[in-house]
Amino acid sequence: MDFKKYETFLCEELTRIVLEIINENKQLEISARARAGAEISDFLEGKFKEKVNDEKVSRFIHDAEQSPQGKTKNPWDARCKFNYMNREEEIWIDFKAIKVSSVDSNPDIGTPSKIISFIKNGNFYLVYIIVYYVGIQSGLQFEEYNEKFVKTYLLKDVNHSFRLNPKPQLQVNISAEPEYRTREEFIKLLIQKMQESYIRQETSITKKKEKLVSLLPELIKCNEESEERD
């Protein structure tokens with residue numbers, strides 16, 4: 001099967017649907033403050049579900065769901081089924097609403113455990129849909145960045161610069177461009193990034209343990225001096 005063709009069309013369909021939502025709702029009465037991204041995501045989740053389930057805007061995408069209200073730790077913002085080339089896949093979507101002035105940020109993009117569990121359950125396609133906005137007097141407005149209102153890519157194609165932090169969360173610069181790789185190549189890269197993270201953590205822990213050796217007598221001495229003080 002031509003997986004690249006399958007994946008490319010998936011991203012094109014998702015982009016088309018979200019772009020349709022934006023074209024119909026260029027401005028939102030949402031304050032462009034720190035938590036605006038979460039509110040924009042809620043809005044897009046609901047509209048995406050409406051477009052797919054009620055308006056039937058795609059012959060290939062169906063059974064859309066939005067994240068349960070108030071469930072901040074849900075593994076997906078929206079999910080749906082994608083049926084193309086006689087193959088159906090469950091798709092998990094993560095909406096990222098980015099203020100144009102913050103396009104150099106490094107948001108979390110998921111935990112290894114979520115990704116590993118998703119793959120073990122026979123799935124693969126976690127999709128990032130990035131939209132951009134600016135603040136206006138009445139709230140906010142969707143804006144183009146690099147001549148795009150919507151940037152869509154698969155986690156498997158994330159830029160090679162992504163890393164795993166100690167939380168543990170995968171992180172990547174929001175402006176880093178995706179790079180095509182096969183599914184197997186992504187699995188190998190994910191394991192490599194996890195190994196690199198664990199080595200960094202081991203090195204950090206070793207240094208902290210070494211500091212404890214000198215810290216113990218130092219604190220005892222400080223305490224003795226304090227006890228002897230009149």
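As numbered in the UniProt record's numbering, the sequence shown has no gaps in its residue numbers, which increase by one up to the final residue, 230.
Note that CB positions come from ideal geometry on N, CA and C, so glycine has one too.
Evaluate residue i with the Cβ neighbour count: other Cβ atoms within 10 Å of its Cβ, from every protein chain shown; 16 or more gives buried, anything less gives exposed.
i    : result
A97  : buried
F3   : exposed
T152 : buried
L164 : buried
G37  : buried
D54  : exposed
Q66  : buried
S102 : exposed
K47  : buried
L190 : buried
Would the beta-carbon of residue i fall within 8 Å of that of residue j?
i    : j    : result
I109 : Q192 : no
I30  : E20  : no
W92  : P75  : yes
D94  : N173 : no
I17  : S58  : yes
D77  : S41  : yes
N123 : E89  : yes
If I measure Cβ to Cβ from residue i and keep anything under 7 Å in the same chain, skipping five residues before and after, which residues do I get?
i    : result
E143 : V100, Y132, Y133, V134
D63  : C80, K81
V161 : This sequence places Ser at residue 161; Val is not what is there. Contacts found: V172, N173, A176.
E45  : Q66, S67, D77, A78, F95
Give me, in chain order, the residues of the same chain whose beta-carbon lies closer than 6 Å to that of residue i; leave out the 5 immediate sequence neighbours on both sides.
i    : result
A32  : G135, L140
N106 : Q171, N173
E202 : none
I22  : F142, F149
L126 : W92, L155
K120 : none
What residues are listed by DSSP as bridge partners for residue i?
i    : result
G139 : I136
H62  : K81
W92  : R79, L126
Q195 : Q195 pairs with nothing; no bridge assigned.
V131 : A97, V150
Q171 : D108, R163
L28  : L140
R87  : Y84
Y145 : K148
Between residue i and the rest of its own chain, which residues show a CB-CB distance below 8 Å, the 5 nearest in sequence each way excluded?
i    : result
S197 : R163, L164, N165, P166, P168
T111 : K167, P168, Q169, L170
K26  : Q141, F142
Flag residue i as yes when its Cβ comes closer than 7 Å to any non-hydrogen atom of the ligand MN, and as no otherwise.
i    : result
I205 : You won't find the ligand MN in this model; it holds no ligand whatsoever.
| Just checking, does the segment 81-89 make contact with the segment 4-13 on the three C-beta pairs under 8 Å criterion? | Short answer: they touch.
| query | Looking at C-beta atoms only, is the number of pairs between the segment 146-161 and the segment 175-194 that lie closer than 8 Å three or more? | reply | Flag = yes, the segment 146-161 and the segment 175-194 touch.
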